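Be aware that the sequence shown starts at 44, since it is given in this note's numbering, and climbs by one per residue.
Think of the CB as a built atom: it goes at the ideal place given N, C-alpha and C, for glycine as much as any other residue.
Bear in mind the structure is a predicted one, so any value in this text is a computation, not a measurement.
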Amino acid sequence: MNWITTYFSNREIALAIWGGIVVLAMAVGFRKNTGIRGALISVVKAMLAKRLVLLFCSYALWIVGVVLVLNRTGLWTLFELKDTMLWTIFSGLALLGGAIRHERGAAFFWDIVKDQFTVLAAFEFIVVAYSFALWAELILLPIVASISILHAMAGTKEEWAPAERVCEWVLSLFFLLITWHFIATSIETKGELFSSQTLRTVLLPILLSTLSLPAFYLGHCYAKWESLAIRLEIGNPKSDHLKAAAKKIFFLPFFLRPQLLERAVRQFKEVAIESLDDICTIVTELKFYELQRKNPPPIAKQDGWSPYAAELFLTNFDLRTNDYHRTCVPELWLAESQNKSIDNTFPRKYLAYRIKGTSDVVKVCKLEGHFQLDPSPVEAMELFIAAAEELAATAAELGDLPAEIANALAAHKNCLVQVDEYRLSVRFYKFSDANIFDVSLTVSVADAEQFTI
Numbered sequence: 044m045n046w047i048t049t050y051f052s053n054r055e056i057a058l059a060i061w062g063g064i065v066v067l068a069m070a071v072g073f074r075k076n077t078g079i080r081g082a083l084i085s086v087v088k089a090m091l092a093k094r095l096v097l098l099f100c101s102y103a104l105w106i107v108g109v110v111l112v113l114n115r116t117g118l119w120t121l122f123e124l125k126d127t128m129l130w131t132i133f134s135g136l137a138l139l140g141g142a143i144r145h146e147r148g149a150a151f152f153w154d155i156v157k158d159q160f161t162v163l164a165a166f167e168f169i170v171v172a173y174s175f176a177l178w179a180e181l182i183l184l185p186i187v188a189s190i191s192i193l194h195a196m197a198g199t200k201e202e203w204a205p206a207e208r209v210c211e212w213v214l215s216l217f218f219l220l221i222t223w224h225f226i227a228t229s230i231e232t233k234g235e236l237f238s239s240q241t242l243r244t245v246l247l248p249i250l251l252s253t254l255s256l257p258a259f260y261l262g263h264c265y266a267k268w269e270s271l272a273i274r275l276e277i278g279n280p281k282s283d284h285l286k287a288a289a290k291k292i293f294f295l296p297f298f299l300r301p302q303l304l305e306r307a308v309r310q311f312k313e314v315a316i317e318s319l320d321d322i323c324t325i326v327t328e329l330k331f332y333e334l335q336r337k338n339p340p341p342i343a344k345q346d347g348w349s350p351y352a353a354e355l356f357l358t359n360f361d362l363r364t365n366d367y368h369r370t371c372v373p374e375l376w377l378a379e380s381q382n383k384s385i386d387n388t389f390p391r392k393y394l395a396y397r398i399k400g401t402s403d404v405v406k407v408c409k410l411e412g413h414f415q416l417d418p419s420p421v422e423a424m425e426l427f428i429a430a431a432e433e434l435a436a437t438a439a440e441l442g443d444l445p446a447e448i449a450n451a452l453a454a455h456k457n458c459l460v461q462v463d464e465y466r467l468s469v470r471f472y473k474f475s476d477a478n479i480f481d482v483s484l485t486v487s488v489a490d491a492e493q494f495t496i
């Protein structure tokens, strides 16, 4: 039995013991409850789906390649095999799953890198390099695990924020106790814990995480491709021939650029597609749009605004639009933000921002609000007016809203004014039966009549 304590720390042994207890308890529960057993079988079947097995096997091969490279450089030996397997199963696959699900773009992968070189790295050193006696680990492990689970659950709802802070304080206290005990033991043993093998053990997760970033990104791209390929098929009346052609044409330029791939699928579904040339036009337009973003051409004030500038006019209010794109209406291009909810009351109150124009010039910028009639949405209207002032300042270069516009917003009346090259209009649409009203502020140029939203 000495080999167990030689190759496994007390923390890992305690984890195995508690894991065995949990598995045994689950097995007993499954025997008595056919519903739970059926649910487990369904989960196992889902995990063994062909695409997931392919993804996991591909990642395992990637880790083998990383290990071979580290071994050639002297940063990995057979002594790290156990730690490598544990990291791959419990951390690597979790990060891969997060990469598949995330919607934060490059920020997700950058966070993985930053986490390796923050206070987490120090925590990793102390936790990996040092463990308590087995009896202490058996007591502490379920306590810390329970608090960690409560902390994660408390972070899912705002009303549980006090519980989340309590859990953070308890976990911080636990970390300080481990740190104090670690320092005291290091002094007592004259630094024996700071061996080269300990350093290798601590560096291993950092190296594996960093060198796995390309695999995580490829997994993310693959998952996006599969998801968007399904979207391209569902609810799309276009012929199977054009759908198959779109998949082939979109793959090379957009597989590694999921955001552009999503836009391409949207365009394929929304605009008229009659030939392969139409599909190639989508690729050309998306590439050209991204290329011009780096150096957008100047636009004369009387003509309108650059799409790359107009999409950012209300960024301070979290109302940035998506990409400026062609629609099913000839010569009509638009971009729109997601609805920004103001609160969770019913009817739901929200703001939205849209721009519209030709392929290279925005002609109309429109701020919209959707509010309740009764009781009067005072705070919501104040936020709308603040956003309207921001739009007037950025789009029409006005320091303040024209008096006519401000009065119309206060009185809930329609209004239209001309200020130099720009037209500013306020429109109210009231639906008394539903207890809601819509309000909009539009800033447009003189030749924008055909783009009225």
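Check: For the pair the region 345-354 and the region 277-297, tell me if three or more CB-CB distances fall below 8 Å.; Outcome: no
Check: List in chain order: all unbroken alpha helix (DSSP H) runs of 4+ residues lying wholly within the region 254-328.; Outcome: 256-276, 283-297, 301-313
Check: Under 8 Å between the Cβ atoms of E433 and N359?; Outcome: yes
Check: Taking C-alpha atoms, which residue in W348, N279, T127, V486 lies nearest to L27?; Outcome: The requested residue 27 is not part of the displayed model; the chain covers only 44 to 496.
Check: With DSSP as the reference, please indicate the residues paired to H413 in a beta bridge.; Outcome: Y393, D481
Check: I'd like to check one pair, L304 with F311: are the Cβ atoms closer than 8 Å?; Outcome: no
Check: Is it a yes or a no for the region 394-401 touching the region 468-476, going by three-plus beta-carbon pairs under 8 Å?; Outcome: no
Check: My parser needs the alpha helix (DSSP H) runs of 4 or more residues fully inside the region 337-389; what are they?; Outcome: 350-353
Check: Taking CB distances under 8 Å as the criterion, tell me whether N478 reaches chain B.; Outcome: Given the protein chain composition of this structure (a single chain), no chain B is represented.
Check: Would V407 be called buried (16 or more neighbouring beta carbons within 10 Å of its own) or exposed?; Outcome: buried
Check: DSSP state of V71, grouped into three classes?; Outcome: helix
Check: Checking 8 Å against the spacing of the C-beta atoms, do Y465 and V482 come in under that value?; Outcome: no
Check: By a C-beta neighbour count over all protein chains shown, 10 Å radius and 16 as the cutoff for buried, is D361 buried or exposed?; Outcome: exposed
Check: Could you name the residues of the same chain whose beta carbon sits closer than 8 Å to that of L184, not counting the 5 residues immediately before and after it, in chain order?; Outcome: R54, A57, L58, W61
Check: Taking the continuous alpha helix (DSSP H) assigned at V96, which residues delimit it?; Outcome: 93-115
Check: Can you tell me whether A164 is helix, strand or coil according to DSSP?; Outcome: Residue confidence for A164 is low, a pLDDT of 48 falling below 50, so the modelled location carries little weight; the figure read from the coordinates is stated next. Of the three classes helix, strand and coil, the one that applies to A164 here is helix, per DSSP.
Check: Alpha carbon to alpha carbon, what distance is there between V404 and V462?; Outcome: 20 Å
Check: CA-CA distance, F414 and T401?; Outcome: 30 Å
Check: What's the gap between the Cα of V110 and the Cα of C100?; Outcome: 15 Å
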